[in-house]
Amino acid sequence: MVQLQHSGGKSTVYAHLSRMDVRKGQRIEQGQRIGAVGATGWATGPHLHFEFRVNGQFQDPLKVARAAESIRIDAAAKPQFMQKAAVAQRQLAAAESMTAFRGDAE
506 MVQLQHSGGK STVYAHLSRM DVRKGQRIEQ GQRIGAVGAT GWATGPHLHF EFRVNGQFQD
566 PLKVARAAES IRIDAAAKPQ FMQKAAVAQR QLAAAESMTA FRGDAE
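With our numbering applied, the sequence shown corresponds to residues 506 to 611, in that order.
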């Protein structure tokens, strides 16, 4: 499990990693890889367990993200952002179809 401390009493937790690429106390940068998705513990398949906490209390990540201040993308960086977003959307669509397929098979 990797727990990252953020400002304002916020922390994020990432579990079921097959590999951890950071050490306790290490300072990391945005975009830095912290580990690889895995299927440890009682997990039935590879996935990422993600938690968002404020002052140690669990929070709904979607509600926190919606309430967060948005960051403007510089016009010069927008094409690269859109390309990466398209890749992520294709991966999510593929994952959804895999989930539907597995659900139909059971």
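Quick reminder that beta carbons are idealized off the backbone N, C-alpha and C, glycines included.
Practice item. Just the C-alpha distance for Ala-610 and Gln-585, rounded to the nearest angstrom, thanks. Key: Unreliable placement is indicated for Ala-610, whose pLDDT of 48 sits below 50; the coordinate value is still reported in the next sentence. The alpha-carbon atoms of Ala-610 and Gln-585 are separated by roughly 38 Å.
Exercise for review: Throw me the rounded Cβ distance for the Asp-549 and His-521 pair, which I believe falls under 8 Å.
Suggested key: With the sequence shown as reference, residue 549 is identified as Thr, and Asp is not the correct amino acid for it. Not quite, the Cβ-Cβ distance comes to about 11 Å (not below 8 Å), so this is no contact.
Review point. Would you call the CB atoms of Asp-526 and Gly-540 closer than 8 Å?
Key: yes
Review point. Opposite Leu-522 in the DSSP bridges: which residues?
Key: Val-542
Exercise for review: Between the Cα of Gly-536 and those of Ser-575, Lys-589, Ser-523, Leu-597, spot the shortest distance and give me the residue it belongs to.
Suggested key: Lys-589
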